[in-house]
Structures are given as structure tokens and as C-alpha cells.
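In our numbering, the protein residues as written are 1 to 58.
1. Indicate the three-state DSSP secondary structure (helix, strand or coil) for residue 36 in the structure shown.
2. So what's residue 57 in DSSP terms, helix, strand or just coil?
3. With a Cβ-Cβ cutoff of 9 Å, do residue 23 and residue 32 count as a contact?
Below, the structure written as C-alpha cells:
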């Protein structure tokens, strides 16, 4: 026989898990220092420059 589930508790638990998942993503996106953000930006610019330098023009 199936287990009886309180739908309100289930819905609230699901919402809580979703908020926790969003909080983890926000910690990654916004939880960096200014130096780390600058280093990541410079690395992305350097990688973009390297990629542009390797393009073959016809």
C-alpha cells in the first residue's frame, strides 16, 4: 500500500529544496571577492583574444 503524504508538507519541502539550490547558485555567482572577479574577467578576455588570434580569415 502507498505511503500517505501530506501534500502541504511535500510542497513546502520541495520549495525549500529549490530555494536552497538557488542559494547555492547565488553563492557561486555573487560570493566572490573583487580580486577574484577581476582575475576571472581578465582570464576570459585573454581566452577570447587567443581565440580571435587563431581564426583563419579567407
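Don't be surprised by glycine CBs; every beta carbon is placed ideally from N, CA and C.
Reading it off the structure:
1. helix
2. coil
3. For residue 23 and residue 32, no; Cβs fall outside 9 Å.
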